[in-house]
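Take a look at the structure set out below.
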Amino acid sequence: MNRDDQSQQTLQFVRQLAEQALSRSAGAPLTAGNQVELLYDSAQNFPAWENALAASQDSIFIEMYIFANDQFGVKIRDILINKAKSGIQICLLYDWLGSWRAHLFRFFTPLILAGAEVRAYHPPSLGDGLSMLGRNHRKMIIVDRRELFVAGLCISASWQGKPEKGLAPWRDTGLALRGPLLAQALAAFADSWASCGAPLEARWLQAAQTEPCGETAARLIATTPSTARMMRLDLLVASFARHTLWLTDAYFMATSLYLSALKQAALDGVDVRLLVPRSSDIRWIGTVSRTQYRPLLEAGVRVFEWDGPMIHAKTAVADGRWARIGSTNLNLSSWLVNRELDIALEDATLAAQLAERFLQDLENATEIVLKQQRKRTVPTPVRQEKRRRGSPKEMALSGASAAARQAARLGDMLGAVVHGSRSVESSEAPAFLSIGVALCLLALAVGYFPWLVAAPLALLLASAGLSIVARSLSLYRAKRRKKQQLRQALPNARQDETPPTDIQ
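For the sequence shown, the positions run -9 to 494 when the numbering used here is used.
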């Protein structure tokens, strides 16, 4: 065997190892032959959902964190009601916490009366104990067991903004998919459905299309509590990336392990960029996120804050060949506690489209930088030739025109007008101040009103205790039923026995 053959075999072996590592980390095989279309914001996602639902002929399965009682929610509900009345199988699973207003105001009652099956994920129950902390954060729609929609968007008019008040729509990303991956999507939905009641009938688990219909290879990562599938995959991708790793995340509160992976990638010459909201719908998460900027910046990671009302996308693109779209945020809740659903794409064309959109998003973002006098020297990377240079379009982000536009809109300090960026001090100082003041106020409140801590702790312990007792009683009942069944079976078995015949 010559050296070229040995090199080819080694390369093939390494590729097989990488594929095996990705499959085992994600708990999902790579499935080829899918047709995928990227959908951006409510302007593309919502009409695609409406058209597919209105044209459905067989079944509709929806797993949704928020199904809001608002204009868009009513519109989707009415479509589902009409379809249910026409005999189409409708199964809706919504999260109780995410859709609590709709739940309390019986928003889904007309849909149930029309014949649809509707279930709430984890409504308050003493029997659930601490498992109630886990939510169903998925955003998935399956139409006719033939077409799949996965996104960061929920069924809510919040994503459409408020044009009458000058508020732009939220920035978010989703996709539409057809092909063999539908079988895994149906299995993921069926697993969630069974966690809230009787299992889905077997006939609904057969995908209408199993033959390849496209050229995209993809994985469906269906995270369930404590499996950490997406966390393992995110860590692996951060380790595998060689050129670029561009991340968009709505609620960034990464673990030290993931922060270390991003820093090591940047120190090794990978162009790591992170785009997060500046104005979040959950303010305290944005505050905590800003406390993690400095170590990333010092390692060479570039951090950007979105200048619009809200960026809610959860996407990643690595080396222009791998991309991820779905519901998982880069935080412990998504990684370890919730039910999440993401699609990982291994397709250069789609990854390039997502990378181009990322660069467009940076044009509406402000880069967070270290002050020059405090900026630490970043060690020379192993792959010097791969240090970030940026195209002219990317370099324009720091231009005076972009900075002036951002400063005029946001009222940033003078430095932003000059440099098109904002120092990390201006972001982390208010964040640390807010956290410090909140802790001091909490300490005062607990000092004067100890029950503020004692009552929730007692409730939590009581809930956990009752949950364990309920589980124990359930096991005892099952054991007693089994004994009774055995006792009933023994006499019957004895009566059925034929007495032995004496041999003369």
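Don't be surprised by glycine CBs; every beta carbon is placed ideally from N, CA and C.
Bridge partner(s) assigned by DSSP for residue i
i    : result
G316 : D332
K129 : M54
P267 : W296
I301 : R161
Y111 : D85
T206 : N24
A212 : L331
D261 : T234
M243 : N321
V307 : W236 and A313
Residue burial classification, residue i (beta-carbon count within 10 angstroms, cutoff 16)
i    : result
C144 : buried
G496 : Because the chain is modelled from -9 through 494, residue 496 falls outside the range shown and cannot be assessed.
R125 : buried
Y283 : buried
K152 : exposed
V427 : exposed
T0   : exposed
L476 : exposed
K129 : buried
E9   : exposed
F36  : buried
E295 : buried
Y438 : exposed
N72  : exposed
A44  : exposed
W441 : exposed
Through-space distance from residue j to residue i, alpha-carbon basis
i    : j    : result
D271 : P114 : 24 Å
S381 : R311 : Residue confidence is low: S381 scores 47 on pLDDT, short of 50, so the model does not pin down where it sits. Its coordinate-derived value is still stated next. When rounded, the distance between both Cα atoms is 19 Å.
A178 : L264 : 29 Å
Q174 : A106 : 23 Å
D181 : A33  : 31 Å
R91  : N59  : 7 Å
A303 : M220 : 16 Å
W183 : L431 : 42 Å
V459 : G88  : 28 Å
L286 : M300 : 22 Å
T277 : S317 : 21 Å
K155 : P19  : 46 Å
E137 : V293 : 36 Å
I69  : S76  : 11 Å
A11  : S464 : 40 Å
A345 : L28  : 12 Å
R471 : Q478 : 11 Å
R314 : R280 : 24 Å
W274 : A468 : 45 Å
R209 : I102 : 33 Å
H2   : H233 : Reading off the sequence, residue 2 comes out as Gln, not His. Roughly 21 Å between the two C-alpha positions.
W194 : S148 : 32 Å
A158 : L94  : 29 Å
G455 : V307 : 44 Å
A433 : L352 : 40 Å
A207 : L349 : 24 Å
E53  : L237 : 25 Å
V140 : Y111 : 19 Å
I66  : S146 : 10 Å
A198 : R135 : 5 Å
A445 : A452 : 10 Å
A218 : L326 : 5 Å
K253 : A212 : 27 Å
I50  : P100 : 17 Å
S250 : C186 : 37 Å
L172 : A435 : 52 Å
M385 : R5   : Here the model assigns M385 a pLDDT of 39, short of 50, so the residue's position is not dependable and the matter cannot be decided.
F97  : Y241 : 28 Å
G290 : A355 : 18 Å
D258 : A188 : 51 Å
Query - Every unbroken beta strand (DSSP E) within the region 133 to 203, with a cutoff of 3 residues, ordered by chain - result: 137 to 141 and 163 to 168
**Report entry** At least 3 beta-carbon pairs within less than 8 Å: the region 15 to 33 vs the region 156 to 173
**Finding:** yes
Report task. Decide if the region 74 to 87 is in contact with the region 46 to 57; the criterion is three or more beta carbon pairs, one per stretch, under 8 Å apart. Result -> yes
Query raised in the report: Any chance the region 241 to 249 sits against the region 321 to 336, with 3 or more Cβ pairs inside 8 Å?
Result: yes
Query raised in the report: For the region 23 to 83, which segments carrying the alpha helix (DSSP H) assignment without a break, of at least 4 residues, lie completely within its bounds, in sequence order?
Result: 31 to 44 and 61 to 75
Query raised in the report: Are the region 350 to 362 and the region 332 to 341 touching, with three or more C-beta to C-beta distances below 8 Å?
Result: no
Query - Inter-stretch contact (C-beta, 8 Å, three-pair minimum) for the region -2 to 18 and the region 212 to 232 - result: yes
Requested in this report: Say whether the region 59 to 74 touches the region 199 to 210, bearing in mind that this needs 3 or more beta-carbon pairs closer than 8 Å, one atom from each stretch.
Outcome: no
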